[in-house]
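Report on the following structure.
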Amino acid sequence: MKADVDMSISKLRSGLRTIGILAAAMAACPAGAQPASSQQKRAAEAAVDRYADRMGRLGDAIYSYAEIGFQETKTVALVTKELRANGFTVETGVAGMPTAYVARYGKGGPVIGLMADFDGVPGTSQDTTSVVERPIVAGAPGHGEGHNTHQPTIIAAALAAKVAMERFHLPGTLVLFGGPAEEIGASRGYMVNAGLFKGLDAMIDVHVDTVFGTAYGLANFSRVSVQWKYKGVSGHGAQPWTGRSALDGVELLDLGVNYMREHGYNPDDARVHNVVTQAGLQPNIIPEAATDWYYIRAKSPRLVSEILDWVRDIAKGAAASTRTTVSEQIIAGTWPYYGNKALAKVLDANIQRVGMPQWSTDDIAFARNLQTALKVDVVGLANKTIPLAQSKQEAGTTDAGDVSWQVPMVRMRFPARPPGATTLHHWAAAVGVATPLAHKGMTVGAKALTDTVIDLLTDPALLKGIRRDFAAQLAGFPKWSSLLPSDAKVPLSINATQMARYRGALAHFEYNPDSRQTYLQFMKSSYLPQAGVDWRPSSTESAEVSPSSLNWQWDQ
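If you read the sequence shown in the working numbering, its first letter stands for residue 24, the second for the next number, and so on.
The following block contains the structure:
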């Protein structure tokens, strides 16, 4: 009898200790917060799997629209309709841009942002299954950087997180951002200045790649995008003394910049490049108007401003030398992107949890076929995720950089295009980004994103570390200030003429994501290896590739 009593007392004490531990754990979390569970993540990942077909179809439809910066009307109509249909409130036309949007779900904190762009690249129209150059419409825009995969990936992640929030009664708010015109760097700066990113606890941005991973620290250069417009006097080309050539002003500007390059900066620290977008009508008419469009990139905003001042003086001198006049328009400006280390660790843990896609034989064959055709190393597809690393600052830029100085931010690279293209903004970079290969990369990307959102919604300690790293970032650099002038106007018409020229022809190839057909069926394209290329790996050669053999470009 005594033994039974002693055992009962022992069990009671053990039970009280357990209750005490649980009570302490609950007290450590704010009301509504709880550590993320594998059950919550499994539920969200299952939701991504259920949505995967739809996600791929959205990406393929965006690919077929081939819309460039500030002309992404069909793209934005598609993605915002999808979000509204799934319970998000959506505001379009934000920050004075018809193709920018903000979508929200939930209430209260934490407030987690997901952001992506969606514009194409001029002149990169391409049949996504062709390993040789084969434009869908010759000369037309295309997705020569794979931005068509971005919005569907963050939408899938957000819808999956919404499922977990509803099922497990998780607190917080999801905010999705659609940033147009990334290829001209001209939306996020205006969105920042409009205050759209205030109140966020964390932001995750995405970009298509050949690999799967993230990084932290300073990446990318700072940049301004500026046009100098010269005005002269028209006249007959055979009587040049009767006029003043605006094109002469542009040519002198370019000559002066060429001389400036030698003495103006260390070539490791900056880049200055341009295109002449308006030069005249025909040789026997003195050009009355001419326009020179420059990108000035540098490691720091300070150096960008110094070079800009020098080029500005050259532009004025060119006008004085040619008796023309010149006006200046700053189109865009951004600071370098900075990845938050604590947030990168959370994202990386989920990338490693999810892992790479299970590539099919056809996926690998397609990649090898492309690499063979491009005469690059035949390596197949990456089979391992990239380990977390500190970024290397490189000369590419993104207008998302400004956002990373307003809110703790990290960028996820997800494997939705095959290795092969040696550069972006090229037809080869459009190959594969609207195929089953891309859909698989988008799926693992969406899973890692939604798992990270769940971690941030349920673990206040993570957000505390993220805020601490963000404070250290801000303390280590000069105070952020916009490179956009206070009177800068969004260049909404910058691609209007080009898009209008090709939209009618592209319309014949637009894919309806609600169709019974897949995009490849609609296009009558084959995902199988193409004739004349030996794609099969030898018995001693792996059909896949180690991430260490890839040049992992972080910056565009």
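The beta-carbon is built from N, C-alpha and C at its ideal position, and this holds for glycine as well. Everything numeric in this text was worked out from a predicted model, so none of it was measured.
Could you pull out every residue in the same chain whose Cβ sits closer than 7 Å to the Cβ of Trp-316, ignoring the five residues on either side in sequence?
Gln-250, Asn-297, Val-298 and Thr-300
Do three or more CB pairs link the segment 244–261 to the segment 301–315 at distances below 8 Å?
yes
Identify the residues that DSSP records as bridge partners of Glu-114: which are they?
Val-125
Just checking, does the segment 240–247 make contact with the segment 152–161 on the three C-beta pairs under 8 Å criterion?
no
Evaluate Gln-394 with the Cβ neighbour count: other Cβ atoms within 10 Å of its Cβ, from every protein chain shown; 16 or more gives buried, anything less gives exposed.
buried
Thinking C-beta only, is Val-456 closer than 8 Å to Thr-172?
yes
State the Cα-Cα distance for the pair Lys-64 and Ala-423, rounded to the nearest angstrom.
28 Å
Check whether the segment 384–394 and the segment 268–288 touch, using three or more Cβ-Cβ pairs below 8 Å as the test.
no
Buried or exposed: where does Asn-363 fall if 16 or more other Cβ atoms within 10 Å of its Cβ makes it buried?
buried
Spell out the partners DSSP gives Glu-351 in its beta bridges.
Trp-251
In terms of residues, what are the limits of the alpha helix (DSSP H) holding Gln-521?
519–530
Mapping DSSP to helix, strand and coil, what is Phe-200?
strand
Spatial neighbours of Leu-515 within its chain, please: CB distance less than 6 Å, with the 5 preceding and 5 following residues excluded, ordered by chain position.
Phe-93
The segment 137–144 contacting the segment 185–205, beta-carbon criterion three pairs below 8 Å
yes
Which residue from Asn-307, Trp-358, Lys-398 and Glu-417 puts its Cα closest to that of Gly-258?
Asn-307
Looking at C-beta atoms only, is the number of pairs between the segment 378–385 and the segment 405–424 that lie closer than 8 Å three or more?
yes
With 8 Å as the threshold, decide whether the Cβ of Asn-535 is near any Cβ in chain D.
Although the question refers to chain D, the structure presented lacks it and comprises just one protein chain.
How far does the beta strand (DSSP E) with His-170 in it reach, from first residue to last?
Neither: His-170 is in no beta strand (DSSP E) and is coded neither H nor E.
Going by C-alpha distance, which of Gly-218, Val-295 and Val-401 is nearest Arg-320?
Val-295
Using DSSP bridges, identify the partner residues of Met-226.
Gly-136 and Met-432
Since Arg-294 is in the alpha helix (DSSP H), which residue starts that stretch and which ends it?
No alpha helix (DSSP H) contains Arg-294, which is instead part of the beta strand (DSSP E) from 293–301.
Would you kindly check if the distance between the Cβ of Leu-472 and the Cβ of Ile-227 is under 8 Å?
yes
According to DSSP, is Pro-560 part of a helix, a strand, or is it coil?
Note that Pro-560 has pLDDT 39, beneath the 50 cutoff, so the model's placement of it is unreliable and no number is given.
Given this structure, state the Cα-to-Cα distance separating Gly-119 from Ala-355, to the nearest angstrom.
14 Å
Can you tell me whether DSSP reads Gly-272 as helix, strand or coil?
helix
Same chain, Cβ closer than 6 Å to Gly-303, neighbours up to 5 away in sequence not counted
Leu-270 and Pro-310
Residues bridged to Thr-314 by DSSP?
Lys-252 and Gln-301
Neighbourhood of Glu-114 by C-beta distance below 6 Å, restricted to the same chain and skipping five residues each side:
Val-125
To the nearest angstrom, how far is the alpha carbon of Gln-352 from that of Ala-511?
8 Å
Among residues of its own chain, excluding the 5 on either side of Asp-474, which ones have a beta-carbon nearer than 6 Å to its beta-carbon?
Lys-64 and Asn-373
Applying the 10 Å Cβ sphere with the 16-neighbour rule, what's the burial state of Ser-504?
exposed
From Glu-206 to Asp-142, what does the alpha carbon distance come to, in whole angstroms?
7 Å
Between the C-alpha atoms of Ala-554 and Val-71, what's the straight-line distance to the nearest angstrom?
For Ala-554, the predicted structure reports a pLDDT of 44, less than 50, and the residue's modelled location is therefore unreliable. A value from the coordinates is still provided. Each residue's Cα considered, the two are about 35 Å apart.
Whose CA, out of Ala-179, Gly-165 and Gly-287, lies closest to the CA of Phe-532?
Gly-165
Would you mind sorting His-192 into buried or exposed? The rule is 16 or more other CB atoms within 10 Å of its CB.
exposed
By alpha-carbon positions, which one of Ala-494, His-462 and Thr-98 ends up nearest to Arg-73?
His-462
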